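Q:
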Amino acid sequence: MKDTNQRTNRLSIAAIFFVLVIIIGFITLHKPEFEFKVPIDQALDQVLSFEDEMTPEKATDIVSNNMAGYQFVDVRNPYEFAKGHIETAINISSKELLASDNVALFDQMTKDSVRVILYGYNQSEANGSWMILKQLGYKNVKILLGGYEYYSGEKYNMFSESEIPQYMVEQPKYNFAALMEELSDGNSAIKPGNNHTEVIIPERKKKKSKVEGGC
24 MKDTNQRTNR LSIAAIFFVL VIIIGFITLH KPEFEFKVPI DQALDQVLSF EDEMTPEKAT
84 DIVSNNMAGY QFVDVRNPYE FAKGHIETAI NISSKELLAS DNVALFDQMT KDSVRVILYG
144 YNQSEANGSW MILKQLGYKN VKILLGGYEY YSGEKYNMFS ESEIPQYMVE QPKYNFAALM
204 EELSDGNSAI KPGNNHTEVI IPERKKKKSK VEGGC
């Protein structure tokens with residue numbers, strides 16, 4: 024009987040301890056610091072719309088004319104930022120993007136209607152930071168097409184080269200080469216590349232001479 028009472032007491036203590044752990048867990052449970060406000064499918068639609076992309080030409084115009092209402096944010100590490108960056112840009116590396124001070128800065132720029140342009144050395148380097156901020160609900164965030172390498176002229180000099188930047192190359196809606204090849208395989212009377220039209224001259228029939236009467 025004594026062993027049974029001891030066992031019961033131990034089970035009671037264990038049950039009480041388990042309940043206390045659960046209660047403490049609920050009390051100390053914190054709400055996530057950040058919540059995505061934009062669903063991933065809507066964010067992807069924004070990517071495909073190209074509405075939040077800024078060309079290097081537009082960025083150059085903003086900097087050279089000291090246009091108000093824009094803030095360039097370099098998401099590279101401080102070492103790369105020190106080597107060269109867009110004039111008036113501030114450095115917030117991707118690793119420190121959601122630090123409390125930086126989040127407060129993004130909130131303030133949103134209140135002040137300042138358009139934030141993110142960029143890395145190339146565009147891919149800033150895509151992740153841009154997507155995170157968009158999903159967190161920052162509607163004033165844009166991204167620089169081509170990144171710093173296009174803006175600085177390291178890859179494309181917009182004032183001296185005739186080459187078209189890769190980000191400006193448009194994809195044709197139709198494959199015209201395939202269409203022409205398909206037409207050439209058919210029994211079409213007109214062949215591609217043959218601009219000469221065959222002229223058919225009708226052959227005239229000779230009139231029969233009338234038989235003249237004799238003596």
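Note that the working numbering has the sequence shown beginning at 24, numbered continuously upward. All residues carry an ideal CB built from backbone N, CA and C; glycine is no exception. Note that the structure is predicted; figures quoted are calculated from it, not measured.
Compare the C-beta of K162 against all C-beta atoms of chain C and say whether one is closer than 8 Å.
A: The displayed structure is made up of one protein chain only, and chain C is not part of it.
Q: How far does the beta strand (DSSP E) with D97 in it extend, from its first residue to its last?
A: Counting along the chain, the beta strand (DSSP E) containing D97 begins and ends at Y93 to D97.
Q: Assuming L168 contacts T78 (C-beta within less than 8 Å), just tell me the rounded distance between them.
A: Going by Cβ atoms, the distance from L168 to T78 rounds to 5 Å, so yes, they are a contact pair.
Q: On the criterion of 16 or more Cβ atoms from any shown chain inside 10 Å, does S87 qualify as buried, or is it exposed?
A: The residue in question, S87, is exposed, as its Cβ has fewer than 16 Cβ neighbours within 10 Å.
Q: Report the three-state DSSP secondary structure of N163 (helix, strand or coil).
A: In this structure, N163 counts as coil in the three-state DSSP scheme.
Q: Alpha carbons only, please: which of I109, T133 and I85 is nearest the one belonging to K157?
A: When only C-alpha atoms are compared, the closest one is T133.
Q: What span of residues does the beta strand (DSSP E) with I140 cover, start to end?
A: Looking at the DSSP string, the run of the beta strand (DSSP E) that includes I140 is R138 to Y142.
Q: Could you compute how far the alpha carbon of P101 sits from the alpha carbon of S116?
A: So the alpha carbons of these two residues sit roughly 7 Å apart.
Q: Would V139 and V96 be called neighbours here (beta carbons separated by less than 8 Å)?
A: Their beta carbons are under 8 Å apart, which means V139 touches V96 by this criterion.
Q: Determine the direct distance from the alpha carbon of G176 to that of L121, and round the result to whole angstroms.
A: The straight-line gap from Cα to Cα measures roughly 30 Å.
Q: Quick check on DSSP: helix, strand or coil for A110?
A: Checking the sequence, you will find Glu at residue 110 rather than Ala. Three-state result, E110: coil.
Q: Considering only DSSP beta bridges, list what E76 is partnered with.
A: Answer by DSSP bridge pairing, in chain order: I166.
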